[in-house]
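Written below as structure tokens is the structure these notes are about.
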Amino acid sequence: MPCYDLQHEGPTALTCKLPEPESDVLERALTDPSALRDLPVLVYSAAGVASEANANTTVTYSTLGSPLVLPPGHLLAWRAAGAADRLIMRWSYRDVDWEATGIEPLTQFDVETWSASPETGQFGKYNTALSDAVTTRQQLRRTDVQEQATSDGTLVFRHSVPALQITPMRVRVRGYSNAGSGPWSEWTSSVPQSCSMGEYLDTSIVIGKWVCKPCDNSMVQCYGGVAQLASAAPGFQRVPWTANSVAFVACPLGATTCLGGSTIEIRGQIGDAANRSDATTGATRE
Numbered sequence: 103m104p105c106y107d108l109q110h111e112g113p114t115a116l117t118c119k120l121p122e123p124e125s126d127v128l129e130r131a132l133t134d135p136s137a138l139r140d141l142p143v144l145v146y147s148a149a150g151v152a153s154e155a156n157a158n159t160t161v162t163y164s165t166l167g168s169p170l171v172l173p174p175g176h177l178l179a180w181r182a183a184g185a186a187d188r189l190i191m192r193w194s195y196r197d198v199d200w201e202a203t204g205i206e207p208l209t210q211f212d213v214e215t216w217s218a219s220p221e222t223g224q225f226g227k228y229n230t231a232l233s234d235a236v237t238t239r240q241q242l243r244r245t246d247v248q249e250q251a252t253s254d255g256t257l258v259f260r261h262s263v264p265a266l267q268i269t270p271m272r273v274r275v276r277g278y279s280n281a282g283s284g285p286w287s288e289w290t291s292s293v294p295q296s297c298s299m300g301e302y303l304d305t306s307i308v309i310g311k312w313v314c315k316p317c318d319n320s321m322v323q324c325y326g327g328v329a330q331l332a333s334a335a336p337g338f339q340r341v342p343w344t345a346n347s348v349a350f351v352a353c354p355l356g357a358t359t360c361l362g363g364s365t366i367e368i369r370g371q372i373g374d375a376a377n378r379s380d381a382t383t384g385a386t387r388e
């Protein structure tokens with residue numbers, strides 16, 4: 103295709119303007135983006151003599167490619183123990199040949215967090231009144247995010263953002279390119295605090311108000327998980343109907359019959375001790 107508005111820039115340099123590509127060339131470029139890249143440049147004299155093709159003399163049409171078509175994958179979010187004020191996130195994209203596919207490469211990300219209503223403790227419906235959904239959005243440049251390429255062709259990104267409250271939150275991410283934004287990921291499940299040793303996550307209340315609480319008595323051992331994972335100290339057992347709390351009592355058969363541990367282990371130990379007692383007295387159980 104000829105160019106026009108020829109200008110001399112010196113004894114050995116010429117500049118000109120390229121026209122818009124022909125419609126058939128544009129149509130071919132939709133399926134093969136390389137059709138408009140690295141086109142050879144030839145110069146013809148008035149007598150029709152052409153210059154030789156030179157691999158170092160090429161021209162490329164500069165146009166925006168396609169926007170991102172896939173959302174981020176493998177989105178995970180968590181909080182470090184003792185650091186409830188930050189959400190740590192990890193997500194991924196396939197590492198593709200952006201030029202060959204005609205897709206504009208990633209340049210930045212949007213991170214959106216969703217908090218439960220402070221009044222009700224419920225997440226309600228997203229994009230409704232502020233009392234039902236509390237959201238924040240933050241833009242991150244790709245260069246500000248930790249990035250690692252894996253051997254299977256995946257780009258893994260990691261970053262942390264401030265958490266507005268210590269109660270559970272949800273998060274989602276989308277990518278940006280020069281062609282605009284891509285689709286959002288799905289929301290994560292609710293991300294509560296990560297409790298420290300000696301604490302448990304109280305899930306006996308509405309989800310939006312879950313917080314870490316201390317195990318402040320000698321009857322229970324807490325390891326930072328939910329109340330169901332708390333175990334009895336030696337000589338104590340869980341109150342059977344309080345699985346969502348840390349209610350424990352002294353063993354009714356004496357301290358030596360309960361060795362501590364999970365509810366199932368304690369019940370077995372109590373049962374064995376009771377059976378041994380029955381065998382000694384000659385009593386039987388139905």
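Here the sequence shown stands for residues 103 to 388, where the numbers follow my numbering.
Positions of the beta carbon are idealized from the N, C-alpha and C atoms, including for glycine.
Nearest in C-alpha terms to residue 267, of all of 237, 258, 275, is 237.
Distance from the CA atom of residue 180 to the CA atom of residue 335, rounded to whole angstroms, is 29 Å. With a 10 Å radius around the Cβ and a threshold of 16 neighbouring Cβ atoms, residue 290 comes out buried. Of all alpha-carbon atoms in 265, 169, 260, the one lying nearest the alpha-carbon of residue 216 is that of 265. Ranked by how close their Cα comes to the Cα of residue 327, the residues 339, 311, 308, 347 have 347 in first place.
For residue 286, the closest C-alpha among the options 294, 322, 277 is that of 277. Within the DSSP bridge table, the entry for residue 190 names 180, 262 as partners. For residue 271, the enclosing beta strand (DSSP E) has its first and last residue at 271 to 279.
Selection 300, 247, 174, 338 evaluated against residue 321 yields 338 as nearest (Cα-Cα). Between the region 247 to 267 and the region 183 to 195 there are three or more inter-stretch CB-CB distances shorter than 8 Å, so the stretches are counted as touching. The alpha-carbon of residue 218 is positioned some 21 Å away from that of residue 302. For residue 302, the enclosing beta strand (DSSP E) starts and ends at 301 to 304.
In this structure, DSSP gives residue 331 a helical state, which the three-state scheme calls helix. By the criterion of a C-beta distance shorter than 8 Å, residue 248 is surrounded in its chain by 259, 260, 261, once the five residues flanking it on both sides are discounted.
In this structure, DSSP gives residue 290 a state outside helix and strand, which the three-state scheme calls coil.
Just so you know, the alpha carbons of residue 306 and residue 312 end up roughly 8 Å apart.
For residue 314, the enclosing beta strand (DSSP E) starts and ends at 313 to 316. Judged by beta-carbon spacing, residue 196 lies within the 9 Å limit of residue 172, meaning their Cβ atoms are closer than that value. In terms of Cα proximity to residue 273, the closest of 152, 193, 109, 341 is 193.
According to DSSP, residue 338 shares a beta bridge with 352. Taken through DSSP and simplified to helix, strand or coil, residue 175 comes out as strand. In the three-state DSSP reduction, residue 310 falls in the helix class (H, G or I).
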